[in-house]
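Just so you know, we're using our numbering here: the sequence shown kicks off at 1 and counts up by one.
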Amino acid sequence: MQLGNLVDFEVEGEDGRFLPRMRSLSHIGFGWMLERNRLMLWHNFIQKFYYHLKDADEIEPFYYELLLKAAKRWQKQNPKRIMCECYLELLAYEGRLYPDEACYICEMRIDEEIALMQGFKPAHPSCIYAPALPTKKLFDTFARKKCTFLEDAEVEVLYQTLMKGF
1 MQLGNLVDFE VEGEDGRFLP RMRSLSHIGF GWMLERNRLM LWHNFIQKFY
51 YHLKDADEIE PFYYELLLKA AKRWQKQNPK RIMCECYLEL LAYEGRLYPD
101 EACYICEMRI DEEIALMQGF KPAHPSCIYA PALPTKKLFD TFARKKCTFL
151 EDAEVEVLYQ TLMKGF
């Protein structure tokens, strides 16, 4: 399955037919598409969007704009950081970003270290047996929706959590 390509096209047959056809199809590429590692990360990211949006009847422009913004930054920045920042924006847009400092499992306050479940839901590292991250640093990241102040190892933990699904 080839996902994640930006294409331009004209629609032919919008006169009430069952299924109109695409005409004058052209691929709009980015420079990073020739770099295998960046392309593979892009395909993994797009696949998560595909499964997240596949049952939607109508897709809002927010998702397209988010992906286009990410594609433009993909060449110059760390793709894993971009993916995490986009996912934070998506969670905030959908109202699923948990700003609470309470564990999703036991509902007790999280102090020094935090772990993340799928959907970036906060929990104690001992409640879900997951890698620990600094709580203050992570909630600052959630508030800003930027991974600027996170170390590469911390971004890797966020990335692995994101890859579990939206």
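Where a beta carbon is used, it is the ideal one built from N, C-alpha and C, also for glycine.
#1: Between L53 and the rest of its own chain, which residues show a CB-CB distance below 8 Å, the 5 nearest in sequence each way excluded?
#2: Of all the options Q77, Y51, E154, G95, which has the alpha carbon lying nearest to the alpha carbon of E113?
#3: Please say whether L158 and C84 have beta carbons closer to each other than 8 Å?
#4: Determine the extent of the beta strand (DSSP E) in which K164 is found, giving its start and end residues.
#5: According to the neighbour-count rule (16 or more other Cβ atoms, all chains shown, within 10 Å of its Cβ), is F49 buried or exposed?
#6: Here's a check: name, in chain order, each residue in its chain whose Cβ is nearer than 6 Å to the Cβ of P188, leaving out the five neighbours to either side.
#7: Rounded to the nearest angstrom, how far is the Cβ of L97 from that of F142, given a contact under 8 Å?
#8: Could you check where the beta strand (DSSP E) with L116 kicks off and where it finishes?
#9: What residue range does the alpha helix (DSSP H) around P125 cover?
#10: Mind checking T148: buried by the 16 CB within 10 Å criterion, or exposed?
#11: Could you check the C-alpha separation between T161 and G13 for me, to the nearest Å?
#12: Please report the distance separating the alpha-carbon of K121 from that of P61.
#13: May I ask you to list the residues that DSSP assigns as paired with K121?
#14: If you draw a straight line from the C-alpha of L133 to the C-alpha of E151, how long is it?
#15: Run through DSSP, which three-state label would L133 get?
#16: Please determine, among E65, F139, F45, the residue with the shortest C-alpha to C-alpha distance to I110.
#17: Determine the direct distance from the alpha carbon of N44 to that of Q118, and round the result to whole angstroms.
The answer reads as follows:
#1: Here residue 53 is taken as the residue at index 53 of the sequence shown, counted from 1. Taken in chain order, the residues that qualify are I59, Y63.
#2: Walking along the sequence shown from the start, residue 113 turns up at place 113. With distances taken between Cα atoms, E113 lies closest to E154.
#3: Within the sequence shown, numbered from 1, the residue matching residue 84 stands at position 84. Within the sequence shown, numbered from 1, the residue matching residue 158 stands at position 158. With contacts defined as CB atoms closer than 8 Å, C84 and L158 qualify as a contacting pair.
#4: The residue you call residue 164 lines up with position 164 of the sequence shown. Where K164 is concerned, there is no enclosing beta strand (DSSP E), given that its DSSP letter is neither H nor E.
#5: Along the sequence shown, one-based indexing puts residue 49 at 49. Result: buried.
#6: For residue 188 there is no data in the structure shown, the boundaries of the chain being 1 and 166.
#7: By 1-based counting over the sequence shown, the position of residue 97 is 97. By 1-based counting over the sequence shown, the position of residue 142 is 142. Indeed they touch by this definition, with Cβ atoms about 6 Å apart.
#8: Residue 116 sits at position 116 when you count from the first residue of the sequence shown. Where L116 is concerned, the enclosing beta strand (DSSP E) stretches over 113-117.
#9: As a first step, residue 125 is located in the sequence shown; it is residue number 125 there, counting from the start. Start and end: 125-128.
#10: Residue numbering aside, residue 148 sits at position 148 when the sequence shown is read from its first letter. Counting Cβ neighbours within 10 Å, T148 comes out exposed, since fewer than 16 surround it.
#11: The residue given as residue 161 occupies position 161 in the sequence shown. The residue given as residue 13 occupies position 13 in the sequence shown. Distance between the alpha carbons of T161 and G13: 43 Å.
#12: Start at 1 with the first residue of the sequence shown, and residue 121 comes out as number 121. Start at 1 with the first residue of the sequence shown, and residue 61 comes out as number 61. Roughly 26 Å between the two C-alpha positions.
#13: Indexing the sequence shown from 1 puts residue 121 at position 121. Its beta-bridge partners are M117.
#14: Position 133 of the sequence shown, counting from 1, holds the residue named residue 133. Position 151 of the sequence shown, counting from 1, holds the residue named residue 151. In a straight line, the C-alpha of L133 is about 10 Å away from that of E151.
#15: Position 133 of the sequence shown, counted from the first residue, corresponds to residue 133. L133 falls in the strand class under three-state DSSP.
#16: In the sequence shown, the residue the question calls residue 110 occupies position 110. Shortest Cα-Cα distance from I110 to any of E65, F139, F45 involves F139.
#17: Taking the first residue of the sequence shown as position 1, residue 118 is located at position 118. Taking the first residue of the sequence shown as position 1, residue 44 is located at position 44. Those two C-alpha atoms are separated by around 16 Å.
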